[in-house]
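Notes follow the structure.
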Amino acid sequence: MSSFAKLTLVRHAPTPATRRHAFPLDESLDETGRAEAAALLGKLQAAEVVAAPVERCRETAALAGFGPTRTDPRWGELDFGDWAGSTLREIGERDPERLQSWLDDPRSAPPGGESLSDLTARVREALGELGEAGADTAVFTSGGPIKAAVVTALGAPDAAFWRLDVHPCSITVLHCHGGTWTVRGVNALPGGGPR
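Quick note: the sequence shown, position 61, residue 1131 per my numbering, numbers continuous.
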């Protein structure tokens, strides 16, 4: 008999960096972000809850009624290295060649950071374990790991990552049947509609 797993991926609520469209730092939610996370209270159910080990994800989980949660670094956002805290425009002004290389090649990494291929590999590993376990799991994470999970479920190349957008405090649902992941929904509101 093949196993069935449900994975509910929740992107953290907004932070000051999210509002600036900057690569994230380990920071708390802003005031509006806390209100958005609290609006999730009572609207999510899962047998197991996991959070990326950063404040914004753990805080979103706690305000949604799940805390304390187990953390898993594989669900952490891409390590942006020296680019953390900067916007794409700021990076483009000071290092346009490096930025273009990173956007064009999933194996290229920001200075002191991690490549998109590395992010996808660790998310793929975490998905494999959840699929084998056959559980109903909610993961509070960031946009990058959610996009990597969707790319993996679709069997798309790593570069497809750039064709996805994941809104803060949105919900993405994946199902796994016998080791094969499928996409059930992306960017949903807790009440069921798209963002």
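Yeah, the Cβ is synthetic: ideal placement off N, Cα and C, and Gly gets one too.
Review point. Can at least three beta-carbon pairs, one atom from the stretch 1175-1194 and one from the stretch 1222-1229, be found at a separation below 8 angstroms?
Key: yes
Practice item. Out of Gly1155, Glu1125, Ala1109 and Thr1157, state which residue places its alpha-carbon closest to the alpha-carbon of Asp1142. Key: Glu1125
Review point. When the Cα atoms are used, what is the spatial distance from Met1071 to Thr1102?
Key: Since pLDDT at Met1071 reaches only 43, below the 50 mark, its modelled position is unreliable, and no value is offered.
Review point. Using the rule of at least 16 other Cβ atoms within 10 Å of the residue's Cβ for burial, across every protein chain shown, is Pro1146 buried or exposed?
Key: The sequence given here has Gly at residue 1146, not Pro. Its Cβ being crowded by 16 or more others within 10 Å, Gly1146 is buried.
Check your understanding: In or out: Phe1074 buried (at least 16 other Cβ within 10 Å) or exposed?
Key -> exposed
Check your understanding: Are three or more beta carbon pairs between the stretch 1112-1120 and the stretch 1169-1179 nearer than 8 angstroms?
Key -> no
Point to revise | Local Cβ density within 10 Å of Gly1151, reported as buried at 16 or more and exposed below that | key: A residue is called buried once 16 or more other Cβ atoms fall within 10 Å of its Cβ, and Gly1151, having fewer, is exposed.
Point to revise | Proximity winner among Glu1199, Asp1100, Val1236 and Asn1257, relative to Cys1246 (alpha-carbon distances) | key: Glu1199
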